[in-house]
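So the protein lines, in turn, are chains Z and C.
Per my numbering, the first sequence runs over residues 200 to 557.
Per my numbering, the second sequence runs over residues 200 to 557.
First the structure, in the form of structure tokens, and then the observations on it.
Number of protein chains: 2
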Amino acid sequence: MEQFFAYTRLFNFAKSIFLKMGCSDQDADIASKALLSADIRGVDSHGVARLSGYVRLWEVNRVNSKPTIQIIHETPSTGVVDGDAGLGLVVAPFAMEQAINKAKNVGSGWVSVQNSNHFGIAGYHAMLALPHDMIGIAMTNASALVAPTFSKERMLGTNPIAVAIPAGIEPPFVADFATTTAANGKLEILQRKNQPVPEGWVQTQDGSPSNDANELKNGGALLPLGSDREHSSHKGYMLGSIVDIFSGILSGANYGPWVPPFPSFIPMPENMPGKGIGHFFGAMRIDAFRKPEAFKKDMDQWIQRFRKAAPAKGFSSVIVPGDPEREIEKRRMTEGIPILSLVVKDLEALATKFSVDF
Amino acid sequence: MEQFFAYTRLFNFAKSIFLKMGCSDQDADIASKALLSADIRGVDSHGVARLSGYVRLWEVNRVNSKPTIQIIHETPSTGVVDGDAGLGLVVAPFAMEQAINKAKNVGSGWVSVQNSNHFGIAGYHAMLALPHDMIGIAMTNASALVAPTFSKERMLGTNPIAVAIPAGIEPPFVADFATTTAANGKLEILQRKNQPVPEGWVQTQDGSPSNDANELKNGGALLPLGSDREHSSHKGYMLGSIVDIFSGILSGANYGPWVPPFPSFIPMPENMPGKGIGHFFGAMRIDAFRKPEAFKKDMDQWIQRFRKAAPAKGFSSVIVPGDPEREIEKRRMTEGIPILSLVVKDLEALATKFSVDF
Numbered sequence: 200m201e202q203f204f205a206y207t208r209l210f211n212f213a214k215s216i217f218l219k220m221g222c223s224d225q226d227a228d229i230a231s232k233a234l235l236s237a238d239i240r241g242v243d244s245h246g247v248a249r250l251s252g253y254v255r256l257w258e259v260n261r262v263n264s265k266p267t268i269q270i271i272h273e274t275p276s277t278g279v280v281d282g283d284a285g286l287g288l289v290v291a292p293f294a295m296e297q298a299i300n301k302a303k304n305v306g307s308g309w310v311s312v313q314n315s316n317h318f319g320i321a322g323y324h325a326m327l328a329l330p331h332d333m334i335g336i337a338m339t340n341a342s343a344l345v346a347p348t349f350s351k352e353r354m355l356g357t358n359p360i361a362v363a364i365p366a367g368i369e370p371p372f373v374a375d376f377a378t379t380t381a382a383n384g385k386l387e388i389l390q391r392k393n394q395p396v397p398e399g400w401v402q403t404q405d406g407s408p409s410n411d412a413n414e415l416k417n418g419g420a421l422l423p424l425g426s427d428r429e430h431s432s433h434k435g436y437m438l439g440s441i442v443d444i445f446s447g448i449l450s451g452a453n454y455g456p457w458v459p460p461f462p463s464f465i466p467m468p469e470n471m472p473g474k475g476i477g478h479f480f481g482a483m484r485i486d487a488f489r490k491p492e493a494f495k496k497d498m499d500q501w502i503q504r505f506r507k508a509a510p511a512k513g514f515s516s517v518i519v520p521g522d523p524e525r526e527i528e529k530r531r532m533t534e535g536i537p538i539l540s541l542v543v544k545d546l547e548a549l550a551t552k553f554s555v556d557f
Numbered sequence: 200m201e202q203f204f205a206y207t208r209l210f211n212f213a214k215s216i217f218l219k220m221g222c223s224d225q226d227a228d229i230a231s232k233a234l235l236s237a238d239i240r241g242v243d244s245h246g247v248a249r250l251s252g253y254v255r256l257w258e259v260n261r262v263n264s265k266p267t268i269q270i271i272h273e274t275p276s277t278g279v280v281d282g283d284a285g286l287g288l289v290v291a292p293f294a295m296e297q298a299i300n301k302a303k304n305v306g307s308g309w310v311s312v313q314n315s316n317h318f319g320i321a322g323y324h325a326m327l328a329l330p331h332d333m334i335g336i337a338m339t340n341a342s343a344l345v346a347p348t349f350s351k352e353r354m355l356g357t358n359p360i361a362v363a364i365p366a367g368i369e370p371p372f373v374a375d376f377a378t379t380t381a382a383n384g385k386l387e388i389l390q391r392k393n394q395p396v397p398e399g400w401v402q403t404q405d406g407s408p409s410n411d412a413n414e415l416k417n418g419g420a421l422l423p424l425g426s427d428r429e430h431s432s433h434k435g436y437m438l439g440s441i442v443d444i445f446s447g448i449l450s451g452a453n454y455g456p457w458v459p460p461f462p463s464f465i466p467m468p469e470n471m472p473g474k475g476i477g478h479f480f481g482a483m484r485i486d487a488f489r490k491p492e493a494f495k496k497d498m499d500q501w502i503q504r505f506r507k508a509a510p511a512k513g514f515s516s517v518i519v520p521g522d523p524e525r526e527i528e529k530r531r532m533t534e535g536i537p538i539l540s541l542v543v544k545d546l547e548a549l550a551t552k553f554s555v556d557f
């Protein structure tokens with residue numbers, strides 16, 4: 200069902216495809232690094248499995264492989280970036296770099312992005328702040344698959360939020376999560392296995408509960424974090440809305456049901472109010488608040504205390520955000536990255552199409 | 200079971216109590232306004248019902264009624280405020296004002312607060328940004344009642360997040376929510392009615408599911424938003440953790456299981472690593488990103504489109520965050536604020552104790 204590939208092999212292949220799309224060497228490098236970060240961290244749905252999806256967006260002229268990415272409005276601590284329809288994988292690191300530079304100058308930097316495309320995993324971009332002793336924040340809107348509480352209509356994307364926080368001797372705290380009960384990737388795993396999904400993940404076209412992993416294909420919707428009103432799905436709906444507004448409206452991108460879809464074969468929404476999809480990034484210098492040593496000592500104590508929290512009956516220990524992905528990364532960098540045969544076939548087809556080695 | 204009181208009457212009473220505690224006239228005014236904002240917006244658990252709780256904290260010297268609140272570290276866009284053990288109801292508006300001033304100067308302002316106490320509802324402080332055409336953000340940590348995913352131990356508070364976003368002809372978007380499935384206030388309502396709580400709100404002392412509204416008194420815990428692992432409670436746990444770290448660790452306040460409890464009779468945690476409880480505030484100028492008219496036009500369209508989202512079977516319409524509280528406020532400002540007889544008795548006892556009129 201799956202084959203193992205070395206990181207470098209997948210990286211070089213992805214880079215060769217981005218180069219064939221017309222990306223500069225530097226952009227192909229940046230994009231491949233962002234894309235592969237999903238594969239090494241275990242977010243298999245967002246890595247090389249999406250490479251052919253990016254290619255198709257370029258083929259229908261929705262991705263510009265030679266974008267002029269620039270700041271179109273700014274203050275010392277804020278700015279808006281126009282991605283010029285570039286790959287989100289390239290636009291996002293550019294925007295995050297602006298946020299980091301602003302944080303260097305005035306303590307924090309906040310950048311909203313218009314006219315972009317899907318940027319891979321949010322966590323990768325948030326983590327770019329860590330080597331600078333900064334807290335990194337990344338979020339993005341995405342095409343509508345999620346129904347707000349009380350609705351049957353798809354109005355919001357899975358709109359993830361990532362926050363990366365440096366520690367001292369402990370590894371950093373890294374949270375990266377969709378604002379839905381279940382990410383689409385988890386649904387896809389159960390679809391492939393032909394298994395039902397737990398109640399509270401999806402609803403039918405008319406808004407009734409469902410266990411069908413294929414409900415989205417029938418016009419159903421994903422549910423906001425919380426699942427139903429009794430379990431506070433309105434909070435997941437609010438979180439997804441905040442991500443949508445910070446990413447889409449602060450920047451002048453599209454928002455809500457108007458965010459362009461990732462699959463190139465789905466027609467674009469009518470009467471789109473903005474440009475492309477939107478992201479939002481933040482960087483805060485630790486020493487803009489406190490002595491970094493004091494902060495890191497407390498972060499270490501926080502992490503160590505939470506790891507030691509008494510486990511509930513039937514569980515062995517509490518997990519600190521970022522631990523599972525880091526463990527997967529360590530393993531995959533030595534043992535290789537498992538790729539499903541379906542995805543391997545897809546990559547082979549890309550290799551043939553562009554006459555590159557795989 | 201309940202009596203109705205005019206806003207002004209409750210405001211004047213609260214102010215007279217804060218004055219008796221030794222607050223300055225200005226501080227008593229600020230505190231009463233923040234406190235009453237909960238009663239008028241329908242968050243009955245956080246308003247005058249807590250007045251005697253604040254008094255008891257002052258009686259045991261945990262609240263300083265004459266604090267010297269000051270910035271102890273800052274950059275152009277960030278800062279840390281020491282609340283000098285003052286009422287959070289007074290410290291928070293001071294810190295939010297600093298964030299707003301920084302946003303006026305450099306586009307955005309971010310202030311973390313140490314050495315504070317409970318600040319009432321987060322939404323009130325976030326909304327202070329709205330008249331300045333800014334987005335306002337407020338969060339706070341609180342004493343540990345919530346068990347992380349896989350744990351039976353109380354490690355986090357209900358750690359609320361509030362985000363207020365201005366619109367044009369539409370009223371502002373205001374989200375204000377605890378990062379748990381159920382806020383403690385909702386639990387208290389069912390306790391008073393002697394009713395069970397839905398599964399997924401609380402767990403027993405050993406981490407098993409429970410429907411008992413009194414489970415917290417038995418050593419049980421509230422559950423993070425998402426309720427269980429299958430419904431992504433790790434996302435609620437991550438959200439609560441981010442609030443804890445931004446509020447407690449960026450500032451040098453206490454965090455996790457060391458946050459001081461609100462009830463004055465509960466002993467303070469041992470080996471507390473910081474000072475008091477922590478908050479975190481943000482303000483972002485709209486025109487630091489985009490022309491305010493363009494932003495507001497899009498916000499109006501967002502709000503109108505979400506109000507019109509097709510309702511699910513059995514529901515009449517989708518709610519835009521902030522709408523319910525604003526409707527309650529409108530009604531209560533004309534019809535009065537309903538106060539439970541138990542709370543009325545509590546306020547009467549306060550009136551007697553301090554020899555003031557109620």
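The beta carbon of each residue, even a glycine, is placed where N, CA and C say it ideally should be.
When the Cα atoms are used, what is the spatial distance from residue 376 (chain C) to residue 360 (chain C)? 6 Å
Practice prompt. Measuring only between beta-carbons, confirm whether residue 494 (chain C) sits less than 8 Å from chain Z.
Written response: At least one CB of chain Z lies nearer than 8 Å to the CB of residue 494 (chain C).
Report task. With 8 Å as the threshold, decide whether the Cβ of residue 320 (chain C) is near any Cβ in chain Z. Result -> no
**Prompt:** Name the DSSP bridge partner or partners of residue 309 (chain Z)?
**Reply:** Z:277, Z:481
_Please report whether the beta-carbon of residue 349 (chain C) lies at a distance below 8 Å from any beta-carbon of chain Z._
yes
Taking C-beta pairs closer than 8 Å, name the residues in chain Z that residue 512 (chain C) reaches, listed in chain order.
351, 405, 406, 407
Interface partners of residue 472 (chain C) on chain Z, CB under 8 Å: 497, 500
Requested in this report: Give the single residue among Z:257, Z:205, Z:256, Z:222 whose Cα lies nearest to the Cα of residue 235 (chain Z).
Outcome: Z:205
Point to revise | Meets three-Cβ-pair contact criterion under 8 Å: the region 246–258 of chain C and the region 391–398 of chain C | key: no
**OP:** Would you mind sorting residue 224 (chain C) into buried or exposed? The rule is 16 or more other CB atoms within 10 Å of its CB.
**Re:** Exposed, because fewer than 16 other Cβ atoms sit within 10 Å of the Cβ of residue 224 (chain C).
Thinking just about the alpha-carbon of each residue, which of C:488, C:385, C:283, C:529 is nearest to the one in residue 244 (chain C)?
-> C:385
Could you give the distance in angstroms between the alpha-carbon of residue 468 (chain Z) and the alpha-carbon of residue 461 (chain Z)?
12 Å
_Does the CB of residue 253 (chain Z) have a neighbour CB from chain C at under 8 Å?_
no
- Work out the CA separation of residue 373 (chain C) and residue 523 (chain C) for me, nearest whole Å. 10 Å
| Helix, strand or coil at residue 314 (chain Z) [DSSP, three-state] | Three-state DSSP puts residue 314 (chain Z) in a strand.
Item to complete: Would you kindly work out how many angstroms separate the C-alpha atoms of residue 444 (chain Z) and residue 549 (chain C), rounded to a whole number?
Response: 44 Å
(Q) For residue 414 (chain C), would you say it is in contact with chain Z, using Cβ-to-Cβ distances shorter than 8 Å as the test? (A) no
Worksheet entry | Same chain, Cβ closer than 6 Å to residue 406 (chain Z), neighbours up to 5 away in sequence not counted | 351
(Q) For chain Z, check one thing: does any of its Cβ atoms lie closer than 8 Å to the Cβ of residue 430 (chain C)? (A) yes
key: Interface residues of chain C facing residue 454 (chain Z) [CB-CB closer than 8 Å]   = 497, 501
Beta carbon of residue 347 (chain C) nearer than 8 Å to that of residue 362 (chain Z): Pairing residue 347 (chain C) with residue 362 (chain Z) gives a Cβ-Cβ distance that is not under 8 Å.
task: Give a yes or no on whether the minimum CB-CB distance between residue 424 (chain C) and chain Z is below 8 Å.
output: yes
**Item:** Any C-beta of chain Z under 8 Å from that of residue 421 (chain C)
**Value:** no
- Message: Relative to the C-alpha of residue 357 (chain Z), which candidate in Z:506, Z:423, Z:428 has its C-alpha closest?
- Response: Looking at Z:506, Z:423, Z:428, the one whose alpha-carbon comes closest to that of residue 357 (chain Z) is Z:423.
Task: Contacts around residue 503 (chain Z), its chain only, beta-carbon distance under 8 Å, and the 5 residues preceding and following it disregarded - done: 369
- Under the three-state reduction of DSSP, which class applies to residue 503 (chain Z): helix, strand or coil? helix
Q | Per-residue burial, residue 485 (chain Z) [other beta carbons within 10 Å of its own, 16 or more giving buried] | A | By the beta-carbon neighbour count (other beta carbons within 10 angstroms, threshold 16), residue 485 (chain Z) is buried.
- Message: Quick check: is the beta carbon of residue 376 (chain C) nearer than 8 Å to any beta carbon in chain Z?
- Response: yes
Same chain, Cβ closer than 8 Å to residue 497 (chain Z), five either side skipped, listed in chain order: Residues of the same chain with a CB within less than 8 Å of the CB of residue 497 (chain Z), apart from the 5 flanking positions on each side, do not exist.
- [ ] Pull up the DSSP beta-bridge partners for residue 335 (chain C), would you.
- [x] C:363, C:482
DSSP-derived helix/strand/coil call for residue 388 (chain Z)
helix
Buried or exposed (CB count within 10 angstroms, at least 16 for buried), residue 466 (chain Z)
exposed
| Buried or exposed: which applies to residue 417 (chain C), given that a residue is buried once 16 or more other Cβ atoms fall within 10 Å of its Cβ? | exposed
Straight-line Cα distance separating residue 332 (chain C) from residue 421 (chain Z): Take the alpha-carbon of residue 421 (chain Z) and the one of residue 332 (chain C): they are about 33 Å apart.
For residue 327 (chain C), which three-state DSSP category applies?
coil
> Taking 8 Å as the CB-CB limit, is residue 164 (chain C) close to chain Z?
Replying inline: Absent from the structure is residue 164 (chain C), since the part of chain C shown begins at 200 and ends at 557.
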